[in-house]
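*Asks:* Take a look at this one; I'll ask things after.
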């Protein structure tokens, strides 16, 4: 799965759709990238990602952990964020992308601080994913309430 996604990043045109497993992995890797935006990958952020993966995909803890570990490896090898988001934007429906932005904000806020680097990263990420500023702001508010 990891090699399939890395190959998709190298293609001039992303696939129209990702299969379910690839989409899960790509979205999980984007959460990892958001958590690492401030060069600090806190345990609280990792725990938030793990919980969201388990809930979103109805996975037992062991499977969610395996997905997270694979996502961490993908994020470390994936090219720039623009290619990453282009792939996801074309392959993931808008409603799912707004949920992803909410999850990304939850990850960024998981450590109890709003780091300027994470904030800036997510503000750049929303338009790259094709999510409006208004929907991103609403997602941030929902994430902050959780």
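Numbering (our numbering), first residue to last: 189 to 334. The beta-carbon is built from N, C-alpha and C at its ideal position, and this holds for glycine as well. On a predicted model such as this, the values are computed, not experimentally measured, just so you know.
#1: Between residue 327 and residue 307, what straight-line distance do the alpha-carbon atoms span, to the nearest angstrom?
#2: At the level of alpha carbons, what is the spacing between residue 211 and residue 272?
#3: Is residue 226 helix, strand or coil when you go by DSSP?
#4: Under a three-way DSSP split, which group does residue 247 fall into?
#5: How long is the line joining the alpha carbons of residue 227 and residue 269, rounded to whole angstroms?
#6: Return the Cβ separation of residue 225 and residue 305 in integer angstroms, given the expectation that the two are a contact with Cβ distance under 8 Å.
*Replies:* If we stick to the structure as given:
#1: When the Cα atoms are used, residue 327 and residue 307 turn out to be separated by approximately 13 Å.
#2: Near 11 Å, if we compare the C-alpha coordinates of residue 272 and residue 211.
#3: Residue 226: helix per DSSP, three-state reduction.
#4: In this structure, DSSP gives residue 247 a state outside helix and strand, which the three-state scheme calls coil.
#5: The alpha-carbon of residue 227 is positioned some 15 Å away from that of residue 269.
#6: About 5 Å; that satisfies the 8 Å criterion.
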